[in-house]
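Engineer: My questions will all concern the structure given below.
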Amino acid sequence: MSIQLSYLEEEVKKIYYKLNIETPEDIDLERIAAAFRIWLHYEQRESCMFQINGEYSVVLDARASPQEQWQDFVHELCHVLKHTGNQFHMNRMFRQLQEYQANSFMYHFCVPTFMLLKMQMPRLTSEAIKLIGDTFNVTYSFAAKRLEIFNRKQFSILWYKKLYQISKLNVRR
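Okay, so the sequence shown: first residue is 1118 according to the numbering used here, each after it adds one.
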């Protein structure tokens, strides 16, 4: 099935192609951090991002699994790429918007749609979740949520195509 990528999905694809990353095996947290000149620090605290004199640093929780660190890094990467300002000094709703955007970016960047489309998904959901988790180095709960997002989009495309076909039939009558 041909699929039209969303703006976010296209944006993610462009970023990966600029970094010469085309397969899940090419994805590397440290390589991506270096490409965006982000300093990485591992500490026993919640992950966060900060900027000092135009230099970005991302602190990753040293207690977290490598999968959780990757997911946290990408969440913080979104803040680096798309957001400005200190979240502690902004309106609560604006901060919530930024967090929503960072979470959405995280799901699409950690498991890019253009790479998912090239994969042959198993019929069993549990096997598909395991495949996504293992292939993209994300937690299985993250993989389950990303698969749900992906499947929901696939279903809506099929639904709209069917609706379009029905409307064309009704116009002919």
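All C-beta atoms in this analysis are idealised placements derived from N, C-alpha and C, irrespective of residue type, glycine included. Nothing here was measured: the structure is a model prediction, and the numbers come from that model.
In whole angstroms, what separates the C-alpha of R1064 from that of Q1282?
Structural biologist: Nothing about residue 1064 can be read from this structure; the chain reaches only from 1118 to 1290.
Engineer: Could you tell me whether the Cβ atoms of S1174 and L1157 are closer together than 9 Å?
Structural biologist: In this structure, S1174 sits near L1157, with a CB-CB distance shorter than 9 Å.
Engineer: If we call anything under 9 Å between Cβ atoms a contact, is Y1159 one with Q1186?
Structural biologist: Q1186 sits close to Y1159, with the two beta carbons spaced by under 9 Å.
Engineer: Using CA atoms only, rank isn't needed, just tell me which of F1272, Q1184, A1179 is closest to T1256.
Structural biologist: Q1184
Engineer: Rounded to the nearest angstrom, how far is the Cβ of F1226 from that of V1191, given a contact under 8 Å?
Structural biologist: 5 Å
Engineer: Report yes if the C-beta of P1141 is less than 8 Å from at least one heavy atom of the ligand MN; otherwise report no.
Structural biologist: Ligands displayed in this structure: none; no statement on the ligand MN is therefore possible.
Engineer: Ordered along the chain, which non-local residues of its own chain (more than five positions away) have a Cβ less than 7 Å from that of P1141?
Structural biologist: Here the set comprises M1232, T1252, F1253.
Engineer: Smallest Cα separation from Q1168: which of R1154, L1136, A1179, M1236?
Structural biologist: The residue with the shortest Cα to Cα distance from Q1168 is R1154.
Engineer: Please identify the residue among A1151, I1144, T1242, E1216 whose C-alpha is closest to the C-alpha of S1258.
Structural biologist: T1242
Engineer: So, helix, strand or coil for S1123, using DSSP?
Structural biologist: coil
Engineer: With 16 as the cutoff for other CB atoms within 10 Å, does A1260 come out buried or exposed?
Structural biologist: The residue in question, A1260, is buried, as its Cβ has 16 or more Cβ neighbours within 10 Å.
Engineer: Taking the C-alpha atoms as reference points, what is the distance between R1180 and F1211?
Structural biologist: Distance between the alpha carbons of R1180 and F1211: 30 Å.
Engineer: How would you call P1229, buried or exposed, if buried means at least 16 neighbouring beta carbons within 10 angstroms?
Structural biologist: buried
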